[in-house]
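A.B. asks: Below is one structure. I have some questions about it.
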Amino acid sequence: MPGFDKIAFVASETKEAMEALQKLAARYGNVAAGQADAIVALGGDGLMLQTMHRHLNSRIPIYGMNRGSVGFLLNDYSEDNLKERLKSAEITIIHPLRMTAHDKHGAKHEALAINEASLFRQVYQAAKLRIAVDGKVRLDELICDGLLVSTPAGSTAYNLSAHGPILPINAPLLVLTPISPFRPRRWRGALLPNDAEVTIEALEPDKRPVSAVADNTEFRDVVKVEVMEESGIDIFMMFDPGHTLAERILAEQFGY
Numbered sequence: 086m087p088g089f090d091k092i093a094f095v096a097s098e099t100k101e102a103m104e105a106l107q108k109l110a111a112r113y114g115n116v117a118a119g120q121a122d123a124i125v126a127l128g129g130d131g132l133m134l135q136t137m138h139r140h141l142n143s144r145i146p147i148y149g150m151n152r153g154s155v156g157f158l159l160n161d162y163s164e165d166n167l168k169e170r171l172k173s174a175e176i177t178i179i180h181p182l183r184m185t186a187h188d189k190h191g192a193k194h195e196a197l198a199i200n201e202a203s204l205f206r207q208v209y210q211a212a213k214l215r216i217a218v219d220g221k222v223r224l225d226e227l228i229c230d231g232l233l234v235s236t237p238a239g240s241t242a243y244n245l246s247a248h249g250p251i252l253p254i255n256a257p258l259l260v261l262t263p264i265s266p267f268r269p270r271r272w273r274g275a276l277l278p279n280d281a282e283v284t285i286e287a288l289e290p291d292k293r294p295v296s297a298v299a300d301n302t303e304f305r306d307v308v309k310v311e312v313m314e315e316s317g318i319d320i321f322m323m324f325d326p327g328h329t330l331a332e333r334i335l336a337e338q339f340g341y
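Just so it is clear: in the sequence shown, position 202 is 287 by this note's numbering, and no numbers are missing.
Take a look at the structure:
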């Protein structure tokens, strides 16, 4: 592991985060991300996701410190012993999803998602979706507000709010979770191997338009979406010992 002598700090625009940035940069220095041994993100979970997206292909480990609200993806904030904390941190490797969306005009759009790729109804009428896994149709028609494919890292985010299952961070699985399903009423989603390719078709797209979203990147009026894990991209997240993402996800399942 590197000695972490060169640290790049990034911060959200909140007062707390900007004050932390000034203090830490003065104490430890602040280099450009491309020259850094580690990137330290100061803010909330939103900033952590933005930082991971911005440095998807850099292979530079990212260590977050909470200057936001929830902080599920972050470590506790402290100005002391930062280099020692970086040296002793445990690494969690995660892989994003690649979403390919085809719109009704024939255009193809691609985006990566660290948490989830989702489809949503655009108007008051429910969406009608057909779901195939590895080229085989598994559900001819799902009437719903939407549908999401989640990574293990994202399983405690929107997926959990939509009543999807929580996955251990190292589980070789993806979660397929419906959002407010109407028909079939009893279908609550599926667990898929992480090398599965999910294809979702919008039925009646003119009458029931659908948008596709990869984390915070949206494409509207889609007719077909393909989602699969991008196993060739490694994102290195750093956590203090005993407070890893695996431990947090396990704790979440027991309500604390």
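For every residue, glycine included, the Cβ atom is placed at its ideal position computed from N, Cα and C.
With 16 other CB atoms within 10 Å as the buried threshold, where does P257 fall?
C.D. replies: Looking up residue 257 in the sequence shown gives position 172. Exposed.
A.B. asks: Please classify D130: does DSSP put it in a helix, a strand, or coil?
C.D. replies: The residue labelled residue 130 in the question sits at position 45 within the sequence shown. D130: helix per DSSP, three-state reduction.
A.B. asks: How big is the Cα-Cα spacing for E175 and F157?
C.D. replies: Reading the sequence shown from its first residue, position 90 is the one you call residue 175. Reading the sequence shown from its first residue, position 72 is the one you call residue 157. Cα to Cα, the separation comes out at about 16 Å.
A.B. asks: Quick one: which unbroken beta strand (DSSP E) runs of 3-plus residues sit fully inside the stretch 230-291? Chain order, please.
C.D. replies: Here the runs fully enclosed are 231-235, 258-264, 275-278, 283-288.
A.B. asks: Could you pull the start and end residues of the alpha helix (DSSP H) that A198 belongs to?
C.D. replies: Residue numbering aside, residue 198 sits at position 113 when the sequence shown is read from its first letter. Unbroken run through A198 is the beta strand (DSSP E), 193-198; no alpha helix (DSSP H).
A.B. asks: DSSP three-state call for R183: helix, strand or coil?
C.D. replies: Residue mapping note: residue 183 aligns to position 98 of the sequence shown, counting from 1. Reduced to three states, the DSSP call for R183 is strand.
A.B. asks: Who pairs with M313 in a beta bridge, going by DSSP?
C.D. replies: Locating residue 313 in the sequence shown gives position 228, counting from the first residue. In DSSP, M313 forms a bridge with R183.
A.B. asks: On the DSSP letters alone, give me the boundaries of the alpha helix (DSSP H) that E303 sits inside.
C.D. replies: In the sequence shown, counting from the first residue as 1, residue 303 sits at position 218. It is not in any alpha helix (DSSP H) - E303 instead sits in the beta strand (DSSP E) that spans 302-304.
A.B. asks: From E226 to K213, what does the alpha carbon distance come to, in whole angstroms?
C.D. replies: Position 141 of the sequence shown, counted from the first residue, corresponds to residue 226. Position 128 of the sequence shown, counted from the first residue, corresponds to residue 213. Approximately 6 Å between the Cα atoms of the pair.
A.B. asks: Taking its Cβ as the centre, do 16 or more other Cβ atoms sit within 10 Å of R183, making it buried, or is it exposed?
C.D. replies: Counted from its first residue, the sequence shown places residue 183 at position 98. Flag for R183 reads buried.
A.B. asks: Using a Cβ distance threshold of 8 Å, determine whether the stretch 229-245 contacts the stretch 261-276, with at least three qualifying pairs required.
C.D. replies: Because the criterion of three Cβ pairs below 8 Å is met, the stretch 229-245 and the stretch 261-276 touch.
A.B. asks: DSSP three-state call for S364: helix, strand or coil?
C.D. replies: Only positions 86 to 341 of the chain appear in this structure, which leaves residue 364 out of reach.
A.B. asks: Hey, M323 and L159: beta-carbon distance below 8 Å or not?
C.D. replies: Within the sequence shown, residue 323 is the residue found at index 238, counting from 1. Within the sequence shown, residue 159 is the residue found at index 74, counting from 1. It is not a contact, given that the beta carbons lie outside the stated cut-off.
A.B. asks: According to DSSP, what are the bridge partners of L227?
C.D. replies: Position 142 of the sequence shown, counting from 1, holds the residue named residue 227. Bridge partners of L227: L214.
A.B. asks: Looking at C-beta atoms only, is the number of pairs between the stretch 130-147 and the stretch 276-285 that lie closer than 8 Å three or more?
C.D. replies: No, because fewer than three Cβ pairs between the stretch 130-147 and the stretch 276-285 fall closer than 8 Å, the two stretches do not touch.
A.B. asks: How close, in whole Å, do the beta carbons of L197 and A117 come, if the pair is a contact with beta carbons under 8 Å?
C.D. replies: Position 112 of the sequence shown, counted from the start, is the residue given in the question as residue 197. Position 32 of the sequence shown, counted from the start, is the residue given in the question as residue 117. Contact doesn't hold; Cβ gap of about 23 Å is too wide.
A.B. asks: What span of residues does the beta strand (DSSP E) with I318 cover, start to end?
C.D. replies: Start at 1 with the first residue of the sequence shown, and residue 318 comes out as number 233. Premise fails: I318 is in no beta strand (DSSP E) and is neither H nor E.
A.B. asks: For Y148, report the span of its alpha helix (DSSP H) as first-last.
C.D. replies: Your numbering for residue 148 matches position 63 in the sequence shown. Unbroken run through Y148 is the beta strand (DSSP E), 147-151; no alpha helix (DSSP H).
A.B. asks: Assuming the contact rule is C-beta atoms closer than 8 Å, S203 and G249 should be a hit. Round their C-beta distance to whole Å, please.
C.D. replies: Walking along the sequence shown from the start, residue 203 turns up at place 118. Walking along the sequence shown from the start, residue 249 turns up at place 164. That pair is no contact at about 11 Å.
A.B. asks: With the cut-off set at 8 Å, would you say A186 and V95 are in Cβ contact?
C.D. replies: In the sequence shown, the residue the question calls residue 186 occupies position 101. In the sequence shown, the residue the question calls residue 95 occupies position 10. Cβ atoms of A186 and V95: not closer than 8 Å.
A.B. asks: In whole angstroms, give me the CA-to-CA distance for D90 and F304.
C.D. replies: Counting from 1 along the sequence shown, the entry for residue 90 is found at position 5. Counting from 1 along the sequence shown, the entry for residue 304 is found at position 219. Approximately 41 Å between the Cα atoms of the pair.
A.B. asks: How big is the Cα-Cα spacing for A287 and V312?
C.D. replies: Here residue 287 is taken as the residue at index 202 of the sequence shown, counted from 1. Here residue 312 is taken as the residue at index 227 of the sequence shown, counted from 1. Those two C-alpha atoms are separated by around 14 Å.
A.B. asks: By a C-beta neighbour count over all protein chains shown, 10 Å radius and 16 as the cutoff for buried, is P326 buried or exposed?
C.D. replies: Walking along the sequence shown from the start, residue 326 turns up at place 241. Under this definition P326 is an exposed residue.
A.B. asks: Helix, strand or coil: which one does DSSP assign to M86?
C.D. replies: Residue numbering aside, residue 86 sits at position 1 when the sequence shown is read from its first letter. Unreliable placement is indicated for M86, whose pLDDT of 48 sits below 50; the coordinate value is still reported in the next sentence. M86: coil per DSSP, three-state reduction.
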